[in-house]
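Here is the structure we will look at, set down as C-alpha coordinates.
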Amino acid sequence: MKTSTPRARRWRLVAVLACVGLISPLLVGSASAAAPSLELVGPGDTIFLGHHKGQATYLDTGVLVASVGAPFEVRLTRPDYAGDIQAVQIVDGNPVPLPAEMPLSWDGFEDFFHIEVTEGANTVAEIDVDFCPNSYDRERVSDDGPELPTYPEACFANPFTQGMVWGIDQNWGTSTVGYYGTYADLTNGDYEVTTSITEGYAEEFDIAEDARSITTNINVSTIKDPCHHGCAPGAGYPPAAMKNKVVPVMDNPSPSILPDLEALPAYGISVENKKNGKSFVTFGATVWTSGASDMVVEGFRRPNEAVMDGYQYFYDNGVVVGKSQVGTLEFDQRDGHNHWHFLQFAGYSLLDAEDATEGIRSTKEAFCLAPTDAIDLTLDGAEMNPTLGLSTACGRHNSRWIREILPLGWGDTYIQGLPGQSFNITNLPKGDYWIEVEANPGGHLHEMSDDNNVELRHIIIKGKPGSGKRSVEVPPWNGIDTD
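Using the working numbering, you'd call the opening residue of the sequence shown number 619 and step up by one each time.
Next comes the structure, spelled out in C-alpha coordinates:
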(Lines of atoms letter the chains of each structure in order from A and count residues from 1; the text may use other names and numbers.)
(Lines give C-alpha, C1' and ligand atoms only; values in the text may rest on other atoms or scores of the structure.)
Protein backbone atom coordinates (compact mmCIF):
# COMPACT_ATOMS: atom_id res chain seq x y z
CA MET A 1 0.00 0.00 0.00
CA LYS A 2 1.29 3.43 -0.90
CA THR A 3 2.18 5.74 1.99
CA SER A 4 0.87 9.28 1.68
CA THR A 5 3.14 12.25 2.11
CA PRO A 6 2.33 14.71 4.93
CA ARG A 7 1.43 17.30 2.32
CA ALA A 8 -1.00 14.91 0.66
CA ARG A 9 -2.54 13.95 4.01
CA ARG A 10 -3.18 17.60 4.81
CA TRP A 11 -4.81 18.10 1.44
CA ARG A 12 -6.94 14.95 1.57
CA LEU A 13 -9.61 15.70 4.14
CA VAL A 14 -11.97 12.79 3.67
CA ALA A 15 -12.23 10.44 0.71
CA VAL A 16 -15.65 10.36 -0.83
CA LEU A 17 -16.75 6.77 -0.49
CA ALA A 18 -20.43 6.92 -1.36
CA CYS A 19 -21.43 4.35 -3.93
CA VAL A 20 -23.28 5.70 -6.94
CA GLY A 21 -24.79 4.14 -10.03
CA LEU A 22 -22.46 3.48 -12.93
CA ILE A 23 -22.31 6.25 -15.52
CA SER A 24 -22.84 5.24 -19.11
CA PRO A 25 -19.82 6.14 -21.26
CA LEU A 26 -22.07 7.99 -23.72
CA LEU A 27 -23.98 10.08 -21.19
CA VAL A 28 -21.84 13.20 -21.38
CA GLY A 29 -22.52 16.89 -20.89
CA SER A 30 -22.74 19.74 -23.34
CA ALA A 31 -19.62 20.38 -25.41
CA SER A 32 -20.37 24.10 -25.37
CA ALA A 33 -19.50 24.50 -21.70
CA ALA A 34 -16.42 26.68 -21.20
CA ALA A 35 -15.08 24.79 -18.18
CA PRO A 36 -14.49 21.03 -18.18
CA SER A 37 -16.53 18.73 -15.99
CA LEU A 38 -14.50 15.80 -14.67
CA GLU A 39 -16.45 12.59 -14.18
CA LEU A 40 -15.65 9.03 -13.20
CA VAL A 41 -17.08 6.66 -15.80
CA GLY A 42 -17.06 2.88 -15.80
CA PRO A 43 -17.88 -0.12 -17.99
CA GLY A 44 -21.20 -0.84 -16.30
CA ASP A 45 -20.85 -4.60 -15.90
CA THR A 46 -18.70 -7.15 -14.09
CA ILE A 47 -14.99 -7.07 -14.93
CA PHE A 48 -13.12 -10.38 -14.97
CA LEU A 49 -9.56 -10.04 -13.67
CA GLY A 50 -6.91 -12.72 -13.71
CA HIS A 51 -3.84 -13.18 -11.56
CA HIS A 52 -1.06 -15.73 -11.43
CA LYS A 53 -0.87 -17.99 -8.41
CA GLY A 54 0.79 -16.23 -5.51
CA GLN A 55 0.74 -12.84 -7.24
CA ALA A 56 -1.30 -9.70 -6.66
CA THR A 57 -4.22 -8.74 -8.89
CA TYR A 58 -3.88 -5.77 -11.23
CA LEU A 59 -6.96 -3.63 -10.49
CA ASP A 60 -7.70 -2.46 -14.01
CA THR A 61 -11.42 -2.01 -13.52
CA GLY A 62 -11.90 0.04 -16.67
CA VAL A 63 -12.77 3.17 -14.70
CA LEU A 64 -11.76 6.41 -16.42
CA VAL A 65 -11.59 10.06 -15.47
CA ALA A 66 -13.42 11.79 -18.31
CA SER A 67 -13.34 15.46 -19.19
CA VAL A 68 -16.76 16.46 -20.44
CA GLY A 69 -17.65 19.66 -22.26
CA ALA A 70 -14.12 21.02 -22.61
CA PRO A 71 -10.55 19.82 -22.25
CA PHE A 72 -9.05 19.57 -18.77
CA GLU A 73 -5.63 21.21 -18.86
CA VAL A 74 -3.03 22.06 -16.22
CA ARG A 75 0.26 23.84 -16.91
CA LEU A 76 3.19 23.63 -14.53
CA THR A 77 6.27 25.85 -14.46
CA ARG A 78 8.97 26.87 -12.06
CA PRO A 79 10.59 30.32 -12.27
CA ASP A 80 14.02 28.88 -11.54
CA TYR A 81 15.51 25.60 -10.37
CA ALA A 82 15.50 26.72 -6.76
CA GLY A 83 11.79 27.62 -6.82
CA ASP A 84 8.64 25.58 -6.27
CA ILE A 85 6.43 24.25 -9.03
CA GLN A 86 3.61 26.64 -9.90
CA ALA A 87 0.45 25.17 -11.41
CA VAL A 88 -2.47 26.77 -13.23
CA GLN A 89 -5.59 25.24 -14.71
CA ILE A 90 -6.51 26.54 -18.16
CA VAL A 91 -10.22 27.37 -18.21
CA ASP A 92 -11.67 28.85 -21.38
CA GLY A 93 -8.17 29.86 -22.41
CA ASN A 94 -7.42 31.66 -19.16
CA PRO A 95 -4.96 30.52 -16.46
CA VAL A 96 -6.52 29.90 -13.04
CA PRO A 97 -3.87 29.38 -10.30
CA LEU A 98 -4.17 26.16 -8.31
CA PRO A 99 -3.61 26.32 -4.54
CA ALA A 100 0.03 26.33 -3.50
CA GLU A 101 -0.73 23.64 -0.91
CA MET A 102 -2.10 21.23 -3.54
CA PRO A 103 0.21 18.18 -3.35
CA LEU A 104 1.66 17.71 -6.80
CA SER A 105 4.99 17.05 -8.47
CA TRP A 106 6.13 16.60 -12.05
CA ASP A 107 4.79 13.02 -11.68
CA GLY A 108 1.20 14.15 -11.14
CA PHE A 109 -1.35 14.84 -8.39
CA GLU A 110 -0.56 12.99 -5.16
CA ASP A 111 -3.27 10.75 -3.67
CA PHE A 112 -5.86 11.86 -6.22
CA PHE A 113 -7.87 8.63 -5.87
CA HIS A 114 -8.87 6.44 -2.96
CA ILE A 115 -9.67 2.84 -3.91
CA GLU A 116 -11.52 0.50 -1.56
CA VAL A 117 -11.98 -3.21 -2.28
CA THR A 118 -14.76 -4.97 -0.37
CA GLU A 119 -15.96 -8.56 -0.13
CA GLY A 120 -19.46 -8.46 1.25
CA ALA A 121 -19.34 -6.26 4.35
CA ASN A 122 -15.57 -6.61 4.75
CA THR A 123 -12.98 -4.17 3.44
CA VAL A 124 -10.03 -6.22 2.14
CA ALA A 125 -7.86 -3.47 0.65
CA GLU A 126 -7.56 0.32 0.63
CA ILE A 127 -5.15 2.10 -1.69
CA ASP A 128 -4.33 5.74 -2.36
CA VAL A 129 -3.32 6.37 -5.96
CA ASP A 130 -1.50 9.29 -7.57
CA PHE A 131 -2.90 10.62 -10.84
CA CYS A 132 -1.16 11.70 -14.01
CA PRO A 133 -3.77 13.16 -16.39
CA ASN A 134 -1.43 12.33 -19.27
CA SER A 135 -1.58 8.66 -20.17
CA TYR A 136 -0.96 6.16 -22.94
CA ASP A 137 -4.12 4.42 -21.70
CA ARG A 138 -6.81 6.77 -23.04
CA GLU A 139 -10.26 6.18 -24.51
CA ARG A 140 -12.98 8.27 -26.09
CA VAL A 141 -16.16 8.48 -24.04
CA SER A 142 -18.17 9.92 -26.93
CA ASP A 143 -17.56 10.90 -30.55
CA ASP A 144 -18.02 14.59 -29.73
CA GLY A 145 -14.34 15.39 -29.37
CA PRO A 146 -11.00 15.05 -31.18
CA GLU A 147 -10.36 11.82 -33.06
CA LEU A 148 -6.90 11.49 -31.50
CA PRO A 149 -5.62 12.64 -28.11
CA THR A 150 -3.50 15.79 -28.16
CA TYR A 151 -1.85 15.76 -24.73
CA PRO A 152 1.39 13.92 -23.82
CA GLU A 153 1.37 10.21 -23.01
CA ALA A 154 2.97 10.58 -19.57
CA CYS A 155 3.92 13.04 -16.83
CA PHE A 156 7.59 13.20 -17.65
CA ALA A 157 9.66 13.99 -14.56
CA ASN A 158 13.25 14.72 -15.55
CA PRO A 159 15.05 16.32 -12.56
CA PHE A 160 15.61 19.45 -14.64
CA THR A 161 12.15 19.81 -16.13
CA GLN A 162 11.19 23.47 -16.50
CA GLY A 163 7.62 23.30 -17.73
CA MET A 164 4.96 20.65 -18.26
CA VAL A 165 1.47 20.35 -19.71
CA TRP A 166 -1.07 17.85 -18.37
CA GLY A 167 -4.43 17.30 -19.94
CA ILE A 168 -7.44 15.21 -20.88
CA ASP A 169 -9.07 16.05 -24.20
CA GLN A 170 -12.74 16.91 -24.38
CA ASN A 171 -14.82 13.73 -24.12
CA TRP A 172 -11.78 11.53 -23.61
CA GLY A 173 -11.02 9.55 -20.48
CA THR A 174 -7.79 8.58 -18.71
CA SER A 175 -7.28 5.40 -16.69
CA THR A 176 -7.44 5.70 -12.90
CA VAL A 177 -5.06 2.84 -12.07
CA GLY A 178 -1.94 4.98 -12.28
CA TYR A 179 1.16 4.96 -14.46
CA TYR A 180 2.76 2.08 -12.55
CA GLY A 181 -0.48 0.20 -12.02
CA THR A 182 -2.53 -0.52 -8.92
CA TYR A 183 -2.46 -3.96 -7.31
CA ALA A 184 -4.17 -5.76 -4.42
CA ASP A 185 -3.63 -9.17 -2.84
CA LEU A 186 -6.93 -10.92 -3.54
CA THR A 187 -8.04 -14.53 -3.47
CA ASN A 188 -10.35 -15.85 -6.17
CA GLY A 189 -13.91 -14.61 -5.85
CA ASP A 190 -16.27 -11.67 -6.30
CA TYR A 191 -15.51 -8.16 -5.03
CA GLU A 192 -16.68 -4.57 -5.28
CA VAL A 193 -14.11 -1.89 -6.07
CA THR A 194 -15.04 1.70 -5.21
CA THR A 195 -12.91 4.39 -6.83
CA SER A 196 -13.28 7.89 -5.38
CA ILE A 197 -11.73 11.26 -6.10
CA THR A 198 -10.43 12.65 -2.81
CA GLU A 199 -12.36 15.57 -1.43
CA GLY A 200 -9.76 18.33 -1.79
CA TYR A 201 -9.42 17.73 -5.52
CA ALA A 202 -13.14 17.19 -6.03
CA GLU A 203 -13.90 20.55 -4.44
CA GLU A 204 -11.10 22.41 -6.22
CA PHE A 205 -12.16 21.14 -9.65
CA ASP A 206 -15.88 21.53 -8.85
CA ILE A 207 -16.70 17.89 -9.58
CA ALA A 208 -20.36 17.00 -9.16
CA GLU A 209 -21.21 14.87 -6.12
CA ASP A 210 -22.52 11.98 -8.21
CA ALA A 211 -19.42 12.00 -10.45
CA ARG A 212 -16.82 11.70 -7.68
CA SER A 213 -17.19 8.00 -6.91
CA ILE A 214 -18.00 4.85 -8.80
CA THR A 215 -18.29 1.17 -7.84
CA THR A 216 -17.33 -1.70 -10.12
CA ASN A 217 -17.99 -5.42 -9.66
CA ILE A 218 -15.00 -7.66 -10.33
CA ASN A 219 -14.47 -11.41 -10.48
CA VAL A 220 -10.94 -12.61 -9.71
CA SER A 221 -9.60 -15.96 -10.89
CA THR A 222 -6.23 -17.66 -11.32
CA ILE A 223 -4.77 -17.81 -14.82
CA LYS A 224 -2.02 -19.97 -16.28
CA ASP A 225 -1.43 -18.36 -19.68
CA PRO A 226 1.10 -15.53 -19.28
CA CYS A 227 -0.43 -13.87 -22.33
CA HIS A 228 -3.98 -13.99 -20.98
CA HIS A 229 -4.21 -10.21 -21.16
CA GLY A 230 -2.31 -9.94 -24.41
CA CYS A 231 1.41 -10.17 -25.04
CA ALA A 232 3.49 -7.18 -25.93
CA PRO A 233 3.38 -6.40 -29.66
CA GLY A 234 6.45 -6.91 -31.79
CA ALA A 235 8.81 -4.07 -32.53
CA GLY A 236 7.48 -1.52 -34.96
CA TYR A 237 8.95 -0.88 -38.36
CA PRO A 238 10.34 2.37 -39.66
CA PRO A 239 8.24 4.48 -42.00
CA ALA A 240 8.59 3.70 -45.68
CA ALA A 241 11.40 5.63 -47.32
CA MET A 242 10.19 8.70 -49.11
CA LYS A 243 11.66 10.23 -52.23
CA ASN A 244 14.40 12.77 -51.63
CA LYS A 245 12.68 16.02 -52.51
CA VAL A 246 14.63 18.81 -54.14
CA VAL A 247 15.25 20.96 -51.07
CA PRO A 248 17.64 23.89 -51.42
CA VAL A 249 20.95 23.76 -49.58
CA MET A 250 21.28 26.47 -46.92
CA ASP A 251 24.79 26.98 -45.57
CA ASN A 252 23.80 29.88 -43.30
CA PRO A 253 20.13 29.52 -42.32
CA SER A 254 18.54 32.35 -40.37
CA PRO A 255 18.81 31.82 -36.58
CA SER A 256 15.13 32.77 -36.30
CA ILE A 257 14.05 29.39 -37.71
CA LEU A 258 16.63 27.19 -35.99
CA PRO A 259 16.39 24.83 -33.03
CA ASP A 260 18.67 25.41 -30.05
CA LEU A 261 20.40 22.46 -28.40
CA GLU A 262 20.89 22.87 -24.65
CA ALA A 263 22.90 20.66 -22.31
CA LEU A 264 21.56 19.77 -18.86
CA PRO A 265 23.72 18.75 -15.88
CA ALA A 266 24.67 15.12 -15.41
CA TYR A 267 22.59 13.22 -12.84
CA GLY A 268 22.10 9.72 -11.49
CA ILE A 269 25.82 9.78 -10.69
CA SER A 270 27.39 6.82 -8.91
CA VAL A 271 30.55 4.70 -8.80
CA GLU A 272 30.71 1.11 -10.02
CA ASN A 273 33.58 -0.79 -8.41
CA LYS A 274 34.51 -3.83 -10.50
CA LYS A 275 35.84 -7.15 -9.21
CA ASN A 276 39.09 -6.50 -11.09
CA GLY A 277 39.75 -3.47 -8.88
CA LYS A 278 38.78 -0.84 -11.42
CA SER A 279 36.29 1.92 -10.57
CA PHE A 280 34.05 3.82 -12.97
CA VAL A 281 31.81 6.88 -12.57
CA THR A 282 28.47 6.26 -14.27
CA PHE A 283 25.90 8.97 -14.99
CA GLY A 284 22.96 10.07 -17.09
CA ALA A 285 22.93 13.12 -19.33
CA THR A 286 20.30 14.97 -21.34
CA VAL A 287 20.53 17.29 -24.33
CA TRP A 288 17.28 18.99 -25.27
CA THR A 289 15.82 21.18 -28.00
CA SER A 290 14.65 24.73 -27.37
CA GLY A 291 14.64 27.54 -29.92
CA ALA A 292 12.22 27.93 -32.81
CA SER A 293 11.80 24.43 -34.26
CA ASP A 294 12.49 20.71 -33.96
CA MET A 295 15.94 19.27 -34.56
CA VAL A 296 15.41 17.16 -37.69
CA VAL A 297 18.16 14.98 -39.18
CA GLU A 298 17.61 12.65 -42.12
CA GLY A 299 20.03 10.01 -43.35
CA PHE A 300 20.41 8.76 -46.91
CA ARG A 301 22.40 5.57 -47.34
CA ARG A 302 25.47 5.42 -49.50
CA PRO A 303 25.36 2.63 -52.12
CA ASN A 304 26.64 -0.67 -50.73
CA GLU A 305 27.79 0.86 -47.43
CA ALA A 306 26.52 0.75 -43.85
CA VAL A 307 26.89 4.53 -43.71
CA MET A 308 24.35 7.28 -44.27
CA ASP A 309 25.02 10.90 -45.10
CA GLY A 310 23.17 13.05 -42.59
CA TYR A 311 21.31 16.23 -43.47
CA GLN A 312 19.72 18.70 -41.11
CA TYR A 313 16.43 20.09 -42.40
CA PHE A 314 15.17 23.57 -41.64
CA TYR A 315 11.52 24.47 -41.19
CA ASP A 316 9.67 27.77 -41.16
CA ASN A 317 6.10 27.58 -39.84
CA GLY A 318 6.09 23.84 -40.45
CA VAL A 319 7.29 24.06 -44.07
CA VAL A 320 10.71 22.73 -45.06
CA VAL A 321 12.81 25.56 -46.50
CA GLY A 322 16.34 24.15 -46.67
CA LYS A 323 18.91 21.56 -45.66
CA SER A 324 22.60 21.24 -44.84
CA GLN A 325 24.90 18.22 -44.67
CA VAL A 326 25.90 17.76 -41.03
CA GLY A 327 27.77 14.46 -40.73
CA THR A 328 27.13 10.75 -40.95
CA LEU A 329 25.11 7.94 -39.42
CA GLU A 330 26.40 4.41 -38.89
CA PHE A 331 24.61 1.17 -38.08
CA ASP A 332 25.31 -0.28 -34.62
CA GLN A 333 24.90 -4.07 -34.58
CA ARG A 334 25.57 -4.57 -30.86
CA ASP A 335 22.95 -6.22 -28.65
CA GLY A 336 20.54 -3.65 -27.32
CA HIS A 337 21.16 -1.32 -30.25
CA ASN A 338 20.59 -2.67 -33.79
CA HIS A 339 19.76 0.72 -35.20
CA TRP A 340 21.36 3.71 -36.86
CA HIS A 341 23.37 6.17 -34.77
CA PHE A 342 24.09 9.83 -35.50
CA LEU A 343 27.72 10.65 -34.72
CA GLN A 344 27.78 14.40 -34.02
CA PHE A 345 25.24 15.07 -31.26
CA ALA A 346 26.84 15.21 -27.79
CA GLY A 347 30.04 14.60 -25.85
CA TYR A 348 31.04 14.00 -22.22
CA SER A 349 34.25 14.71 -20.29
CA LEU A 350 35.50 14.51 -16.70
CA LEU A 351 37.46 17.66 -15.81
CA ASP A 352 39.69 18.41 -12.82
CA ALA A 353 38.85 22.14 -12.90
CA GLU A 354 35.80 24.17 -13.93
CA ASP A 355 37.80 25.98 -16.61
CA ALA A 356 39.75 22.95 -17.80
CA THR A 357 39.87 22.28 -21.53
CA GLU A 358 41.17 18.70 -21.36
CA GLY A 359 40.05 15.71 -19.32
CA ILE A 360 38.91 12.11 -19.49
CA ARG A 361 36.76 11.83 -22.59
CA SER A 362 33.85 9.40 -22.82
CA THR A 363 33.95 7.27 -25.95
CA LYS A 364 30.19 7.65 -26.30
CA GLU A 365 29.79 9.53 -29.56
CA ALA A 366 26.94 7.84 -31.43
CA PHE A 367 23.29 8.60 -30.73
CA CYS A 368 19.86 7.57 -31.89
CA LEU A 369 17.92 10.78 -31.44
CA ALA A 370 14.63 10.14 -29.67
CA PRO A 371 12.41 12.20 -27.33
CA THR A 372 12.88 10.42 -23.99
CA ASP A 373 12.24 13.32 -21.57
CA ALA A 374 9.90 16.30 -21.75
CA ILE A 375 11.85 19.34 -20.54
CA ASP A 376 9.61 22.32 -21.37
CA LEU A 377 6.28 21.73 -23.09
CA THR A 378 5.15 25.31 -22.46
CA LEU A 379 7.34 26.52 -25.33
CA ASP A 380 5.41 27.87 -28.29
CA GLY A 381 5.17 25.03 -30.80
CA ALA A 382 6.24 22.26 -28.41
CA GLU A 383 5.07 18.81 -29.51
CA MET A 384 2.77 17.13 -26.99
CA ASN A 385 2.87 13.62 -28.45
CA PRO A 386 6.09 12.98 -30.37
CA THR A 387 6.58 9.58 -31.93
CA LEU A 388 8.19 7.37 -29.30
CA GLY A 389 10.19 4.19 -29.78
CA LEU A 390 13.67 3.66 -31.18
CA SER A 391 12.52 1.02 -33.65
CA THR A 392 10.44 3.58 -35.55
CA ALA A 393 12.95 6.43 -35.41
CA CYS A 394 16.29 4.74 -35.94
CA GLY A 395 15.73 2.15 -38.61
CA ARG A 396 16.80 -1.41 -39.39
CA HIS A 397 19.96 -2.77 -40.95
CA ASN A 398 18.36 -2.76 -44.40
CA SER A 399 17.01 0.79 -44.14
CA ARG A 400 17.89 3.12 -46.99
CA TRP A 401 16.57 6.23 -45.25
CA ILE A 402 15.69 7.32 -41.74
CA ARG A 403 14.50 10.48 -40.04
CA GLU A 404 15.53 11.22 -36.45
CA ILE A 405 13.77 14.05 -34.65
CA LEU A 406 14.34 15.67 -31.28
CA PRO A 407 11.17 17.77 -30.98
CA LEU A 408 10.97 21.23 -29.51
CA GLY A 409 10.72 21.03 -25.71
CA TRP A 410 12.06 17.47 -25.51
CA GLY A 411 15.38 15.96 -24.48
CA ASP A 412 17.28 12.79 -25.29
CA THR A 413 18.77 11.11 -22.21
CA TYR A 414 21.57 8.56 -22.28
CA ILE A 415 22.93 6.60 -19.34
CA GLN A 416 26.72 6.27 -19.53
CA GLY A 417 27.23 2.95 -17.77
CA LEU A 418 29.58 0.91 -19.96
CA PRO A 419 33.39 0.99 -19.78
CA GLY A 420 34.58 3.58 -22.24
CA GLN A 421 31.35 5.53 -21.86
CA SER A 422 31.70 5.85 -18.10
CA PHE A 423 34.81 7.48 -16.62
CA ASN A 424 37.66 5.30 -15.32
CA ILE A 425 38.62 6.85 -11.97
CA THR A 426 40.60 3.87 -10.65
CA ASN A 427 43.83 5.81 -10.13
CA LEU A 428 42.54 9.38 -10.03
CA PRO A 429 43.41 11.38 -6.91
CA LYS A 430 40.45 12.02 -4.65
CA GLY A 431 39.03 15.53 -4.76
CA ASP A 432 36.85 17.87 -6.82
CA TYR A 433 35.95 17.12 -10.43
CA TRP A 434 33.36 18.29 -12.94
CA ILE A 435 31.35 16.21 -15.40
CA GLU A 436 31.00 18.22 -18.61
CA VAL A 437 28.00 17.59 -20.86
CA GLU A 438 28.38 19.23 -24.26
CA ALA A 439 25.77 19.47 -26.99
CA ASN A 440 26.85 19.60 -30.63
CA PRO A 441 30.56 19.28 -29.73
CA GLY A 442 31.85 19.55 -33.28
CA GLY A 443 29.55 22.40 -34.25
CA HIS A 444 28.21 20.42 -37.20
CA LEU A 445 24.56 21.04 -36.39
CA HIS A 446 23.00 24.42 -37.06
CA GLU A 447 21.40 25.95 -33.97
CA MET A 448 20.24 29.29 -32.65
CA SER A 449 23.08 29.71 -30.14
CA ASP A 450 25.99 27.75 -28.73
CA ASP A 451 26.09 29.73 -25.47
CA ASN A 452 24.10 27.00 -23.67
CA ASN A 453 25.84 23.96 -25.16
CA VAL A 454 27.98 23.13 -22.12
CA GLU A 455 26.85 22.30 -18.58
CA LEU A 456 29.05 21.24 -15.67
CA ARG A 457 28.17 19.11 -12.64
CA HIS A 458 30.44 19.23 -9.61
CA ILE A 459 31.35 15.89 -8.01
CA ILE A 460 33.72 14.91 -5.21
CA ILE A 461 35.61 11.64 -5.73
CA LYS A 462 36.49 9.81 -2.52
CA GLY A 463 38.42 6.72 -1.51
CA LYS A 464 42.02 5.63 -1.97
CA PRO A 465 43.21 5.47 -5.59
CA GLY A 466 43.56 1.89 -6.82
CA SER A 467 41.67 0.47 -3.86
CA GLY A 468 38.65 -0.65 -5.87
CA LYS A 469 36.52 1.03 -3.20
CA ARG A 470 35.95 4.48 -4.66
CA SER A 471 32.81 6.53 -4.01
CA VAL A 472 31.42 9.86 -5.12
CA GLU A 473 29.58 12.74 -3.43
CA VAL A 474 27.32 14.85 -5.63
CA PRO A 475 26.41 18.31 -4.28
CA PRO A 476 23.00 19.68 -5.32
CA TRP A 477 22.89 21.74 -8.51
CA ASN A 478 21.01 25.02 -8.06
CA GLY A 479 19.24 23.46 -5.09
CA ILE A 480 18.25 20.29 -6.98
CA ASP A 481 19.49 17.11 -5.31
CA THR A 482 19.42 14.34 -7.93
CA ASP A 483 21.74 11.80 -6.32
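Idealized CB from N, CA, C, for every residue including glycine. Remember, predicted model here, so these are calculated numbers, not experimental data.
Range of the contiguous alpha helix (DSSP H) that encloses residue i
i           : result
residue 820 : 817 to 822
Three-way DSSP call (helix, strand, coil) for residue i in this model
i            : result
residue 828  : helix
residue 874  : helix
residue 1075 : strand
residue 1088 : coil
residue 1101 : coil
residue 795  : coil
residue 961  : coil
residue 1082 : coil
residue 769  : coil
residue 703  : coil
residue 1093 : coil
residue 930  : strand
residue 869  : coil
residue 723  : strand
residue 1062 : coil
residue 746  : strand
residue 776  : coil
residue 897  : strand
residue 1102 : Coverage of the chain is limited to positions 619 through 1101, which leaves residue 1102 absent and any answer about it impossible.
residue 807  : strand
residue 740  : strand
residue 1067 : coil
residue 672  : coil
residue 1045 : coil
residue 802  : strand
residue 923  : coil
residue 679  : coil
residue 998  : coil
residue 718  : coil
residue 881  : strand
Beta-carbon spacing of residue i, residue j below 8 Å
i            : j            : result
residue 701  : residue 773  : no
residue 731  : residue 675  : no
residue 724  : residue 752  : no
residue 915  : residue 987  : yes
residue 685  : residue 667  : no
residue 747  : residue 811  : no
residue 898  : residue 1043 : yes
residue 670  : residue 841  : yes
residue 993  : residue 906  : yes
residue 660  : residue 687  : no
residue 789  : residue 664  : no
residue 1020 : residue 778  : no
residue 704  : residue 696  : yes
residue 1033 : residue 818  : no
residue 904  : residue 991  : yes
residue 791  : residue 759  : yes
Boundaries (first-last residue) of the beta strand (DSSP E) holding residue i
i            : result
residue 715  : 712 to 715
residue 754  : Neither: residue 754 is in no beta strand (DSSP E) and is coded neither H nor E.
residue 692  : 690 to 695
residue 919  : 913 to 919
residue 888  : 885 to 891
residue 1054 : 1049 to 1057
residue 939  : 937 to 950
residue 683  : 682 to 686
residue 669  : 665 to 669
residue 972  : Neither: residue 972 is in no beta strand (DSSP E) and is coded neither H nor E.
residue 760  : Residue 760 -> no beta strand (DSSP E), and no H or E assigned at all.
residue 782  : 781 to 786
residue 1033 : 1028 to 1034
residue 1020 : 1019 to 1024
residue 987  : It is not in any beta strand (DSSP E) - residue 987 carries neither H nor E in the DSSP assignment.
residue 658  : 655 to 659
Inter-residue CB distance, residue i and residue j (contact presumed, cutoff 8 Å)
i            : j            : result
residue 878  : residue 1040 : In fact, because the Cβ distance is near 28 Å, the residues do not count as touching under 8 Å.
residue 614  : residue 745  : Any question about residue 614 goes unanswered here, given that the chain covers just 619 to 1101.
residue 658  : residue 813  : 6 Å
residue 935  : residue 768  : Contact flag wrong, Cβ pair sits at about 19 Å.
residue 902  : residue 1031 : 6 Å
residue 910  : residue 875  : 6 Å
residue 807  : residue 757  : Residue 807 to residue 757, Cβ: 28 Å. No contact.
residue 1079 : residue 1090 : 6 Å
Just checking, does the segment 1023 to 1032 make contact with the segment 984 to 1002 on the three C-beta pairs under 8 Å criterion? Output reads yes: the segment 984 to 1002 touches the segment 1023 to 1032.
- Should the segment 925 to 937 be called in touch with the segment 897 to 914, which here means at least 3 C-beta pairs below 8 Å? With the rule of 3 Cβ pairs closer than 8 Å, the segment 925 to 937 counts as touching the segment 897 to 914.
- Do the segment 1073 to 1088 and the segment 1039 to 1056 make contact, defined as three or more Cβ pairs closer than 8 Å? They touch, by the three-pair rule.
- Query: Would the segment 1080 to 1098 and the segment 882 to 898 be scored as touching if the rule is three or more Cβ pairs under 8 Å?
  - Reply: The segment 1080 to 1098, when compared against the segment 882 to 898, does touch it at the 8 Å Cβ threshold.
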